[in-house]
Amino acid sequence: MVRNARAAGAAAAIVYTDAKDFGGAGAKGKRKWFPDARWLPPTGVQVGTLYYGNGDPTTPLWPSCAAGEDCERLSQGELDGSAAMPSIPALPVSARDGETILKAMGGDAAPTEWQGGEGAPMYRLGPGPAVLNLTYIGNDTLATIENVFAMIEGKEEPDRYVIIGNHRDAWTFGAVDPNSGTAAMLEIAERLSKLEKKGWRPRRTIIVCSWDAEEFALIGSTEWVEDNMDMLASRAIAYLNVDITVFGPGGFRPRATPQLDQLIKEASKMVQDPDDPSQTLYDTMIRHHPPIDRVAGAGTDFAAFLQYIGVPSLDMSYGTISAAVTPLASTNIIALAVEDYPVYHSLYDDYVWMERFGDPLFHRHVALASVWGLIALRLADDEILPLNYVSYASELEKCTKLVEGGCTGCPVSFAPLHKSIDQLRKAANKIHKEKMMLQAENWSLKTRAYTVKVRDINDRLMMAERGFINREGLDGRPWYKHMIYASSDQDDWGTKAFPGIVSAIDKANKLNTTESWQLLQHEIYRAARAVSKASAVLDGRLT
Numbered sequence: 027m028v029r030n031a032r033a034a035g036a037a038a039a040i041v042y043t044d045a046k047d048f049g050g051a052g053a054k055g056k057r058k059w060f061p062d063a064r065w066l067p068p069t070g071v072q073v074g075t076l077y078y079g080n081g082d083p084t085t086p087l088w089p090s091c092a093a094g095e096d097c098e099r100l101s102q103g104e105l106d107g108s109a110a111m112p113s114i115p116a117l118p119v120s121a122r123d124g125e126t127i128l129k130a131m132g133g134d135a136a137p138t139e140w141q142g143g144e145g146a147p148m149y150r151l152g153p154g155p156a157v158l159n160l161t162y163i164g165n166d167t168l169a170t171i172e173n174v175f176a177m178i179e180g181k182e183e184p185d186r187y188v189i190i191g192n193h194r195d196a197w198t199f200g201a202v203d204p205n206s207g208t209a210a211m212l213e214i215a216e217r218l219s220k221l222e223k224k225g226w227r228p229r230r231t232i233i234v235c236s237w238d239a240e241e242f243a244l245i246g247s248t249e250w251v252e253d254n255m256d257m258l259a260s261r262a263i264a265y266l267n268v269d270i271t272v273f274g275p276g277g278f279r280p281r282a283t284p285q286l287d288q289l290i291k292e293a294s295k296m297v298q299d300p301d302d303p304s305q306t307l308y309d310t311m312i313r314h315h316p317p318i319d320r321v322a323g324a325g326t327d328f329a330a331f332l333q334y335i336g337v338p339s340l341d342m343s344y345g346t347i348s349a350a351v352t353p354l355a356s357t358n359i360i361a362l363a364v365e366d367y368p369v370y371h372s373l374y375d376d377y378v379w380m381e382r383f384g385d386p387l388f389h390r391h392v393a394l395a396s397v398w399g400l401i402a403l404r405l406a407d408d409e410i411l412p413l414n415y416v417s418y419a420s421e422l423e424k425c426t427k428l429v430e431g432g433c434t435g436c437p438v439s440f441a442p443l444h445k446s447i448d449q450l451r452k453a454a455n456k457i458h459k460e461k462m463m464l465q466a467e468n469w470s471l472k473t474r475a476y477t478v479k480v481r482d483i484n485d486r487l488m489m490a491e492r493g494f495i496n497r498e499g500l501d502g503r504p505w506y507k508h509m510i511y512a513s514s515d516q517d518d519w520g521t522k523a524f525p526g527i528v529s530a531i532d533k534a535n536k537l538n539t540t541e542s543w544q545l546l547q548h549e550i551y552r553a554a555r556a557v558s559k560a561s562a563v564l565d566g567r568l569t
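Below, the structure written as C-alpha cells:
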C-alpha cells in the first residue's frame, strides 16, 4: 500500500483501520466492541512493518551481527535508495480519525468496493480540498536483538535437527500474537524437560527457538538461518512453527508443505478437540476446505526455513477461518480473516481479550500444544522419518493444470513441467515402497546393512524439499528461492503455487511480446528443473 502510494508520487501515507473490516456489524450506534465484544474499538489502531523484505535491512542476503560488531552493511544512502525501504513517512490511524479525514475530502466517489460500512461517510478520491499536515520524527539506529535457544541432543542421530519455534516480540501486549504461541512452546519445553529427567533422549536433536524481532521483518529467524545456512540445509529435518496458538473457537487449522500432511492427520487424530469432546482435532480440521493449507507466505518465521533453504515446514493455529482460498487456484491463502481476530496488532490484543473471546478456559492452548509436541516427537523419534511425498506429486499436477488453464492459447508448452511431475510421482512411490518393505522385513538384529538403509531413506526424505530451491531465486526477488510455493509478489501473506510461472503469465498477458512469452517458457523450465531435482533426490540417483 505505502509502496504503491510512493510510486504514485505521494509525499506521505495514512493507513486507515476501517470499521467496516474491524469494527463489527450492526447499526453504527448499536455496535459493541472490546471489552464488550471481540471487535476493535473505533479508537483502535493496527500497526505493522513497512519494510518490503525479510531480515536485517542493512545485510540483505547475508548474515547480520550485533550492533557495534564489525560486519558488512549497506550504507545509509544505499538503504534510502532501496526499493524495499519505505521512502515516505506513513502513519496508522484509527477508524475514528480516519473518518474525520475522509469527511473532509472531495473529488469523485471511490469505487463501491472501497466504501465503508453502515454509517460511514462517502469515501472520495480527492484531491483535497482538505490539507493534512504530517510531521515525522524518526531516529535510524542499529540495535542488538536476542534469539533464545534450548536443545536436547539426539542419542542416535545428533546431527539431524527437528526445530520448533515461535517469536516473542510483539507490537503491543501481544496476548494472541505471539504470546499464545510462546505459552504453548514453553509448555512443550517443560514436558520435554520432564521426559529428559526421567532418562529419555530423542533419537534426533530437538531445538526450541524463541525468535526476536519477527514483527520488524522476521529478523531473528532470518538472520539465524542465513548465518547457519549450510549446516541447516544439510541437517534440518523440519521446522515446526506456531505464531498464534489460538484466536477463538472454530477448529484446528494447520498449514504445511505436503510431505507433512499424513503426519499432521495422524497426530491430530490423537488429540481431543477442546470444544467438542466427541471429536478429535482431525475431525474439526476436515470440516475446513482444504483440510490442510499450504505454508508459503512470508508472514511469520517459517519463511527463511522454507523459502531460503528448502526445509519442510509447518504452522498451526486454532480458530475459525472465515475466508481461505486453496493454492490450487494460484491465488491467496488468507492467514487470518479480520472478523476472526479484529484486534490483530493493536493495543487491545491483551490478556483480557484472550480470556473473554480467544480461549476462556485455555483448553484450546492445551490441544494445540499437544498436537505440536506429538508431531515434533514423531519426527525426532520415529526410526524412519514420517514424511510422505506421494501426495506432493498429485497436488503439483493439479496446480499445473490450473495454472495452465489460465494460459489457454499461450504460445508456450507446459510439457516439461508435466514430465518432471511424473518423475516425482514415480520417485515418491518408489521410496514409499522401500519404506514399507524395510518395515515389513524381520530385522531381529539391527545389522549395519539395516542401519545404512534406514539412514539412506531418511536422508532422501529429508533432502528432497531442497530440490525445489533455485539459487538465483524468483525473478526480481532473489531471497525467495522456492520454485513451488512462495508469497505473492503483491502480498507477503498471499500464497502462489508456481509463483515464477504465475508472475510471468501476468507480465506476458500485459505485454504480449515475444520476449515476455520467452520469459514465461523460461520460468516453466525453471520450475520443471526444480521438480526434477527433488525427484532425483527421492530416487537416490545421479542423473
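Just remember that the numbering used here sits 26 ahead of the position in the sequence shown, which is counted from 1.
Each residue gets a CB set at the ideal place from its N, CA and C atoms; glycine is no exception.
Since the model is a prediction, treat every value here as computed from it, not as a measurement.
Legend entry - When K291, R481, S529 and K479 are compared against R503, the one with the closest alpha-carbon: Cα-wise, what sits closest to R503 is S529.
Inset, instruction - Would you be able to state if there are at least three C-beta pairs under 8 Å between the segment 460 to 468 and the segment 425 to 437? - result: With the cut-off at 8 Å, the segment 425 to 437 and the segment 460 to 468 do not touch.
Legend entry - Closer than 7 Å: M463 CB and nearest the ligand GTP heavy atom: Among the ligands in the structure shown, none appear at all, so the ligand GTP cannot be discussed.
Legend entry - Endpoints, the alpha helix (DSSP H) within which F48 is located: Per DSSP, F48 belongs to the alpha helix (DSSP H) from A45 to F48.
Inset, instruction - Starting from the Cα of I401, find the closest Cα among K46, R64, I189 and E139 and give me that residue. - result: The shortest Cα separation from I401 among K46, R64, I189 and E139 belongs to I189.
Legend entry - Residues that D341 bridges to, as DSSP identifies them: For D341, which the question treats as bridged, DSSP gives the partners N267 and R281.
Inset, instruction - Using three-state DSSP, classify P412 as helix, strand or coil. - result: If DSSP states are grouped into helix, strand and coil, P412 belongs with coil.
Inset, instruction - Count the CB pairs spanning the segment 195 to 213 and the segment 154 to 165 that are closer than 8 Å, and state whether there are at least three. - result: No, the segment 195 to 213 does not touch the segment 154 to 165.
Legend entry - CB contact flag (F278, T310, <8 Å): The answer is yes: Cβ separation under 8 Å.
Inset, instruction - Please name the residue in H371, A215 and T170 whose C-alpha comes closest to that of A92. - result: Residue T170 is the option with its Cα nearest to A92.
Inset, instruction - For the alpha helix (DSSP H) holding N205, just list the boundary residues, first then last. - result: That run of the alpha helix (DSSP H) goes N205 to K223.
Legend entry - Unbroken stretches of the alpha helix (DSSP H), 4 residues or longer, contained in the segment 118 to 197: 121 to 129, all fully within the segment 118 to 197.
Inset, instruction - Find out if the Cβ-Cβ distance for the pair V202, Y367 is shorter than 8 Å. - result: Contact: yes.
Legend entry - Length of the line joining the Cα atoms of G336 and M27: Between the alpha carbons of G336 and M27 lies a gap of roughly 29 Å.
Inset, instruction - Could you tell me which of S108, I127 and I495 sits nearest to L117, measuring between CA atoms? - result: Considering only alpha carbons, the answer is I127.
Legend entry - Boundaries (first-last residue) of the beta strand (DSSP E) holding R230: R230 to W237 is the extent of the beta strand (DSSP E) around R230.
Legend entry - Burial state of I163, where buried means 16 or more other Cβ atoms lie within 10 Å: By the Cβ neighbour-count rule, I163 is exposed, with fewer than 16 other Cβ atoms within 10 Å of its own.
Legend entry - Beta carbon of L87 nearer than 8 Å to that of W505: In this structure, L87 sits near W505, with a CB-CB distance shorter than 8 Å.
Inset, instruction - Pick out whichever of M488, N535, M509 and T85 has its Cα sitting closest to the Cα of G566. - result: The candidate whose alpha carbon is nearest that of G566 is M488.
Inset, instruction - With DSSP as the reference, please indicate the residues paired to D319 in a beta bridge. - result: R281.
Legend entry - Contact the segment 40 to 49 vs the segment 103 to 122: 3+ CB pairs below 8 Å: As far as the Cβ criterion goes, the segment 40 to 49 touches the segment 103 to 122, which means the pair count is three or higher.
Inset, instruction - Could you name the residues of the same chain whose beta carbon sits closer than 7 Å to that of N484, not counting the 5 residues immediately before and after it, in chain order? - result: I410 and L411.
Inset, instruction - Count the other C-beta atoms from every protein chain shown that fall within 10 angstroms of the C-beta of A556, then say buried if there are 16 or more, exposed otherwise. - result: That one is buried.
Inset, instruction - For the segment 545 to 562 and the segment 439 to 457, state whether three or more C-beta atom pairs, one from each stretch, are separated by less than 8 Å. - result: As far as the Cβ criterion goes, the segment 545 to 562 touches the segment 439 to 457, which means the pair count is three or higher.
Inset, instruction - Return the chain-ordered list of same chain residues with a C-beta closer than 7 Å to the C-beta of I550, the five sequence neighbours on each side being excluded. - result: In chain order, V438, F440, P442, L443 and I527 place their CB closer than 7 Å to the CB of I550, counting only its own chain and leaving out the 5 sequence neighbours on each side.
Inset, instruction - Quick one: grab the DSSP three-state call for R503. - result: Strand at R503.
Legend entry - Reference D408, options R230, I114, G246 and E104, closest by Cα: D408 has its Cα closest to that of R230, out of R230, I114, G246 and E104.
Inset, instruction - Answer with buried or exposed for G35, where buried requires no fewer than 16 other C-beta atoms within 10 angstroms of its C-beta. - result: When all chains shown are included, G35 counts as exposed.
Inset, instruction - Identify every run of the beta strand (DSSP E) within the segment 368 to 426, keeping only runs that are complete inside it and at least 3 residues long; order them along the chain. - result: Runs found: none.
Legend entry - Residues near L373 in its chain [Cβ-Cβ closer than 6 Å; skip 5 each side]: The residues are T198.
Legend entry - Proximal residues to G246 (C-beta, below 7 Å), its chain only, five neighbours per side dropped: Taking G246 as the centre and dropping the five residues before and after it, the same chain places the C-beta of I171, N173, H193, W237, D238, A239 and E240 closer than 7 Å to its C-beta, in chain order.
Inset, instruction - For the beta strand (DSSP E) containing A39, list its first residue and its last residue. - result: Where A39 is concerned, the enclosing beta strand (DSSP E) stretches over A39 to Y42.
Inset, instruction - Would you mind giving the Cβ-Cβ distance between N455 and T248, rounded to the nearest angstrom? I have them listed as a contact below 8 Å. - result: About 36 Å separates the beta carbon of N455 from that of T248, a gap too long to meet the 8 Å contact definition.
Legend entry - Sufficient close CB pairs (3 or more, under 8 Å) joining the segment 257 to 268 to the segment 322 to 333: Taking 8 Å as the limit for Cβ pairs, the verdict is that the segment 322 to 333 does touch the segment 257 to 268.
Inset, instruction - Please state if the CB of P386 and the CB of M342 are separated by a distance shorter than 8 Å. - result: Not in contact: M342 and P386 (Cβ atoms no closer than 8 Å).
Inset, instruction - Count the other CB atoms, across all protein chains shown, that sit within 10 Å of the CB of W226; report buried if there are 16 or more and exposed otherwise. - result: Result: exposed.
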